[in-house]
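Numbered per the numbering used here, the sequence shown spans residues 1 to 256.
Cβ atoms here follow ideal geometry from the backbone N, Cα and C, with glycine treated the same way.
Written out below as structure tokens is the structure these notes cover.
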Amino acid sequence: MNNRRKLIAGNWKMNKTSADAVGLAQEIVAAVGKQNEVDVVVCPPFTAVEAVGRVLEGSEVRLGGQNMHHEASGAFTGEVSAPMLRAIFASYVILGHSERRTLFGETDEIVNRKVAAALRNQLRPIFCVGETLAEREAGSTLKVVQTQVERGLEGVSREQATSVVIAYEPVWAIGTGKVATTAQAQEVHAFIRGLLVKLFGEPVAQRIRILYGGSMKPANAPELLAQSDIDGGLIGGASLESRSFVELVNAALAAK
Ligand code: PGA
């Protein structure tokens with residue numbers, strides 16, 4: 001057993017109009033908005049963040065962005081910044097998601113600047129790492145994950161590190177229905193924990209949450225969440241409907 005509070009985060013990706021997002025947020029608040037034994041976070045698309053934030057007011061559900069630029073302001077058409085997210089009461093931001101890395105060219109260096117900017121602005125990064133299918137088949141999973149973790153967290157202090165949430169998301173499991181086996185996931189989570197011990201020392205490493213992401217669903221969540229180094233989930237598909245998302249929160253409550 002450990003003292004880490006489980007965290008279930010919904011990554012709504014490019015889904016839901018503002019009105020639809022408000023409806024989903026209302027259902028989530030009604031079902032799990034009062035409990036505070038598991039941390040619950042929803043990350044709507046930017047056009048819905050502020051409206052969803054209003055729905056979450058007074059509840060225990062927290063608000064997150066799906067991405068941000070590392071600069072505070074300036075000539076960066078199409079981007080939003082950490083202070084802008086803070087101003088509408090976001091407390092988390094997903095950074096370095098594999099879709100950002102592969103479709104939008106985000107490098108470890110860019111992700112590292114974003115992690116630093118989030119921490120400077122009191123936003124908790126949900127910092128994503130994970131290998132592709134080709135990398136897994138080549139036997140380089142741990143090496144790839146190590147590089148992403150070390151580069152992404154470069155310059156992060158011990159004090160800041162406790163605010164970081166890491167999401168291990170094998171790219172081949174995202175949105176494919178192919179979930180990693182519990183043994184595959186736990187192996188990488190324990191490896192990441194070991195890296196965190198080297199970077200920040202044992203007490204800090206024991207406080208950092210490591211989420212699993214990639215086709216997590218009510219059916220496979222209990223087994224994944226029972227693993228000693230799996231501290232929650234970053235949920236895509238199953239977060240778009242309140243029923244499955246709430247079931248995942250309940251699975252985390254049962255596993256705590
Ligand atoms: P999925 O997405 O649950 O649909 O696989 C997870 C993610 O991309 O964060």
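Worksheet item: For the ligand PGA, is there a heavy atom less than 8 Å away from the beta-carbon of L234?
Response: Locating residue 234 in the sequence shown gives position 234, counting from the first residue. It does: the Cβ of L234 is within 8 Å (strictly closer) of some heavy atom of the ligand PGA.
Item to complete: Return the first residue and the last residue of the beta strand (DSSP E) that N250 is part of.
Response: Stepping through the sequence shown from its first residue, residue 250 is reached at position 250. Counting along the chain, N250 falls outside any beta strand (DSSP E), though it belongs to the alpha helix (DSSP H) covering 242-255.
Worksheet item: Going by the C-beta, is K13 closer than 8 Å to any heavy atom of the ligand PGA?
Response: Mapped onto the sequence shown, residue 13 falls at position 13. Yes, since a heavy atom of the ligand PGA falls inside the 8 Å radius drawn around the Cβ of K13.
Discussion item. Is H189 a contact residue of the ligand PGA, with contact defined as CB to any heavy atom under 8 Å?
Written reply: Residue 189 sits at position 189 when you count from the first residue of the sequence shown. No, since every heavy atom of the ligand PGA falls outside the 8 Å radius drawn around the Cβ of H189.
Worksheet entry | DSSP beta-bridge partners of L225 | Indexing the sequence shown from 1 puts residue 225 at position 225. For L225, which the question treats as bridged, DSSP gives no partner whatsoever.
Worksheet item: Could you give the distance in angstroms between the alpha-carbon of I230 and the alpha-carbon of S140?
Response: Here residue 230 refers to the residue found at position 230 of the sequence shown. Here residue 140 refers to the residue found at position 140 of the sequence shown. About 21 Å.
Worksheet item: How would you call L133, buried or exposed, if buried means at least 16 neighbouring beta carbons within 10 angstroms?
Response: By 1-based counting over the sequence shown, the position of residue 133 is 133. By the neighbour-count criterion, in which 16 or more other beta carbons inside 10 Å mark a residue as buried, L133 falls on the exposed side.
Practice prompt. Give the range of the alpha helix (DSSP H) segment to which R4 is assigned.
Written response: On the sequence shown, residue 4 is found 4 positions in, with the first residue counted as 1. Careful: R4 lies outside any alpha helix (DSSP H) and carries neither H nor E.
Discussion item. Give me, in chain order, the residues of the same chain whose beta-carbon lies closer than 8 Å to that of K16; leave out the 5 immediate sequence neighbours on both sides.
Written reply: Within the sequence shown, numbered from 1, the residue matching residue 16 stands at position 16. The residues are L24, P44, P45, A48, L240.
Discussion item. The beta strand (DSSP E) that contains P125, what's its start and end?
Written reply: In the sequence shown, the residue the question calls residue 125 occupies position 125. Its beta strand (DSSP E) spans residues 124-129.
Worksheet item: Around the Cβ of M14, are there at least 16 other Cβ atoms within 10 angstroms (buried) or fewer (exposed)?
Response: Counted from its first residue, the sequence shown places residue 14 at position 14. So M14 ends up on the exposed side.
Discussion item. Less than 9 Å between the beta carbons of R82 and A72, yes or no?
Written reply: Along the sequence shown, one-based indexing puts residue 82 at 82. Along the sequence shown, one-based indexing puts residue 72 at 72. Arg is not the amino acid found at residue 82; the sequence shown has Ala there. When the beta-carbon positions are compared, A82 and A72 come within less than 9 Å of each other.
Discussion item. For a test of the three-state rule: what should DSSP assign to S81, helix, strand or coil?
Written reply: Looking up residue 81 in the sequence shown gives position 81. DSSP places S81 in strand when its eight states are reduced to three.
Discussion item. With a threshold of 8 Å on Cβ separation, who are the neighbours of E150 within its own chain once the five nearest residues in sequence on each side are excluded?
Written reply: Against the sequence shown, residue 150 aligns to sequence position 150. Cβ neighbours of E150 beyond the five flanking positions: L195, L199.
Discussion item. If you reduce the DSSP assignment to three classes, tell me which class G214 lands in.
Written reply: Here residue 214 corresponds to residue number 214 of the sequence shown, with the count starting at 1. Note: G214 maps to coil in three-state DSSP.
Discussion item. Within 8 Å, do at least three Cβ pairs link the segment 183-193 to the segment 215-233?
Written reply: Taking 8 Å as the limit for Cβ pairs, the verdict is that the segment 183-193 does touch the segment 215-233.
Practice prompt. Following the continuous alpha helix (DSSP H) through V197, name the residue where it begins and the one where it ends.
Written response: Counting from one through the sequence shown, the residue named residue 197 turns up at place 197. Element bounds for V197: 182-200.
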